[in-house]
Amino acid sequence: MGVTWGVVAYPENHDRDELISAWKELGRYATDDYELNIVHGTDVVSFHAEETGEVTVAATTAWPGLLTRLNGLSCGDGSYDQFEQLFDGYELFVPYYVHDPKIVAPGSVADGLRSASIDDLYGSVGWTAKNSEDLDLARLAGELRAAALLADEYRMMIRVNF
Numbered sequence: 003m004g005v006t007w008g009v010v011a012y013p014e015n016h017d018r019d020e021l022i023s024a025w026k027e028l029g030r031y032a033t034d035d036y037e038l039n040i041v042h043g044t045d046v047v048s049f050h051a052e053e054t055g056e057v058t059v060a061a062t063t064a065w066p067g068l069l070t071r072l073n074g075l076s077c078g079d080g081s082y083d084q085f086e087q088l089f090d091g092y093e094l095f096v097p098y099y100v101h102d103p104k105i106v107a108p109g110s111v112a113d114g115l116r117s118a119s120i121d122d123l124y125g126s127v128g129w130t131a132k133n134s135e136d137l138d139l140a141r142l143a144g145e146l147r148a149a150a151l152l153a154d155e156y157r158m159m160i161r162v163n164f
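Be aware that the sequence shown starts at 3, since it is given in my numbering, and climbs by one per residue.
Set out below in structure tokens:
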């Protein structure tokens, strides 16, 4: 089996309280006008840090087109070698305002993960998607690029499971 990856999203039957508990601490990075979003079924769970440092959580119906685009992504897997050619062992790609080289979010599933910004992912796979002679690598790079565009637009994350 290869390396699996995808935009961070959960099916409707996943326990929402567990989702919130798993990711809430990472929401402290989402300050000012920013938020961090995770799809849960047909809803979007949003995390935002207030000036007091408290992280608020809100759930709304997913924005028009989001679920169609998310479900249309091809987020399969790739080999360790392919991922090493594209980037250096990052496990979580996050909006630029969340980025820390190593996530410190005690109690979160993200705690201790090596992270980079979605912008970095987009930049690292763009050329490969268009120019690689290795068609499987180009396909994987194209899939990651499409996921990065969606994640950037909707302030979401991409998880790579090494």
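Glycine included, each C-beta is placed from N, C-alpha and C at the ideal position. Computed from a predicted model, the values in this text were never measured in an experiment.
To the nearest angstrom, how far is it from the Cα of residue i to the Cα of residue j?
i      : j      : result
Tyr92  : Thr63  : 30 Å
Leu115 : Phe89  : 15 Å
His50  : Val41  : 15 Å
Gly67  : Glu37  : 19 Å
Thr33  : Asp136 : 41 Å
Check whether the Cβ atoms of residue i and residue j lie closer than 8 Å to each other.
i      : j      : result
Ile160 : Ala143 : no
Ser76  : Gly4   : no
Val127 : Leu151 : no
Asp121 : Tyr98  : yes
Leu94  : Ala11  : no
Val100 : Tyr31  : yes
Val59  : Val46  : no
Thr130 : Ala118 : no
Trp7   : Asp83  : no
Glu14  : Thr54  : no
Can you give me the Cβ contacts of residue i inside the same chain, cut-off strictly under 6 Å, excluding the 5 residues immediately before and after it?
i      : result
Phe85  : Val5
Met158 : Val9, Asn39
Leu123 : Phe95, Ala150
Between which two residues does the alpha helix (DSSP H) harbouring residue i extend?
i      : result
Thr70  : 68 to 74
Asn133 : 120 to 133
With a threshold of 7 Å, establish whether the CB of residue i neighbours any heavy atom of the ligand NAP.
i      : result
Gly128 : Ligands in the displayed structure: none, and consequently the ligand NAP is not present.
Excluding sequence positions up to five away, which residues of its chain have a Cβ less than 8 Å from the Cβ of residue i?
i     : result
Ser23 : Gly109
**Q.** the region 19 to 33 in contact with the region 107 to 118 per 3-pair CB rule at 8 Å
**A.** Contact holds: three or more Cβ-Cβ distances are below 8 Å.
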